[in-house]
Every structure is written in C-alpha cells, then in structure tokens.
Amino acid sequence: MTLTIDQIKEVVEKALKSQGDQVPEGFMNLLKREGEDTLQASLKLYSENFELRADRRKLQDEVTELKKSSDVPEDQTLISKDDAALLAKYKEMGTLEEIGKVSTDFTTMQRSQVLAKVAKTAGYEPSVFNKLAGELKFEEKDETIDGEVTKYIVVLPGEGKEAIRIDEYAKANWENFLPALKPENGGTTQTTVTTQGTEFVKQRGKGDSTKPKSVLDAHLERREERQKTKGPLDSKE
C-alpha cells in the first residue's frame, strides 16, 4: 500500500506529537530528499538509529569499565600526583589550625615590623603610635630637599581616597595625642595630676624611680574617671 504525502505527514504528526513540532517536519524533509520513497526513508532512519544505539552501548560499557578499574571509594576524590605531593607538604607543616596560627603570628610580626619602621621614620613614640595606627596602611616615599634625599611616610586611607602625609593625618585625627605621639622634649613624658579641678605637672624628684605615665594614658584615665562621675545633665566629651 502506497501512502500519499498528506497521509504520511498525518501519521508522523500523530506518532511524534509529544516529541515536538520540528520532528515531523524533519522527517518530511528527509522523505523529500529520498524522492518521497517511504521505504528508503525508513531504512535510512533505522540504520542511523542502529548506529546511535551501538555508540550508546559502547559508551556505557566504557563507563562501567572505568568504574570497575577505579579503586577510589565514593566518599573520596581522585587528585593528580602534583596535588598529592603538595598536600603531603602541607600535612608536614601540621594541622589546619596549626598552620592558621603560624600564618596569623607571621602576619602580626610583619605588622609590628611595619609599625616600628613607620614610627622611626616619622619620629613617633612607638608605644603611642601602635595604639593609634589601628588597621591603617602606610607607605614610605622619598623626596629631595636641597639636593638631599629624605624619607617620609604617607597614610593610605582606603580605596578612592588620596594618600596623605602622616604628619597631616596625625594633626587632623590625633591632635589630642600629639604631645605623647611626638614629644618636643626628645621623648620624655611627664605625668599630669589633677587636684580639686586644677591640673599641674608633677616633677620627678631626684632618685624617683617611679615610671611616669604617658600623656596618652593619663588622658584616657581622666576621661574614664569623668565618665564614672558624670551626671545626666553633663555634656558629652
């Protein structure tokens, strides 16, 4: 029995309706290429389908063989030799917690060295500067004055902000601590004592071995005392 083109199209559309509209159209194009010979078109489709199924079985067999030849359990991961060697070196350094602690200690040491160098270049009292520096980043630069190259420090405030010389930054942000940060008397600090609301400087007598408080520590202590005794009507500092 020979079907007409319209009959073939109707049969194909019904059979492959769930597979999309382009499938029947593709079949009709194939039929036209085969000179509208339905038997030849069917044989071609069968041949291609057979080859595809054979390829699929071959791939499935290869996957099965790979699974059998692999000794890696399902809860483990196969890695390269280079990665395995790197992992072994990491294990020699200790546990993750130990490595993390070493890294933190090293970072802290580096930070201390940076702050010490900045304080020395800027002429700051290290103990005071370390408290004020926080997480600020610094950079050392050179400038030539009267033919002589000198070093100075700039503060890097953050992304999008211009670097500023550290002395300008200190004046704008650490003004209250400048006497302790960069003492004009060569680094000797004096203790400020408050008695009945009047401040005076306590001079160190001969043989007095008591370590004087820095201006910074004295300022912080006075502020803490005022906070304890401050009434509800007192203004904020």
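In the UniProt record's numbering, the protein residues as written are 1 to 237. Yeah, the Cβ is synthetic: ideal placement off N, Cα and C, and Gly gets one too.
query	result
Endpoints, alpha helix (DSSP H) assigned at residue 240	Residue numbering for the chain in the displayed model covers 1 to 237; residue 240 lies beyond these limits and cannot be assessed.
Short Cβ contact (7 Å threshold) for A119 with F106	no
Rounded straight-line distance, which links the Cα of G134 to that of E148	32 Å
Bridge partner(s) assigned by DSSP for R165	V154
Neighbourhood of Y124 by C-beta distance below 7 Å, restricted to the same chain and skipping five residues each side	L181, K182
CA-to-CA distance, Y169 to L115, given in whole angstroms	15 Å
Cβ-based burial, A85 [other Cβ within 10 Å; buried from 16]	exposed
For D75, three-class secondary structure by DSSP	coil
Anticipated Cβ contact below 8 Å, K141 with V154, distance rounded	6 Å
Cβ neighbour criterion (16 or more within 10 Å) applied to F177	buried
Sheet register partners of K137 (DSSP bridge)	L156
Alpha carbon of L59 to alpha carbon of L87, nearest angstrom	34 Å
Coarse secondary structure for D146, derived from DSSP in three states	coil
N-terminal and C-terminal residue of the alpha helix (DSSP H) that K182 is part of	Unbroken run through K182: none, as it is neither H nor E.
With 16 other Cβ atoms within 10 Å as the buried cut-off, status of P179	buried
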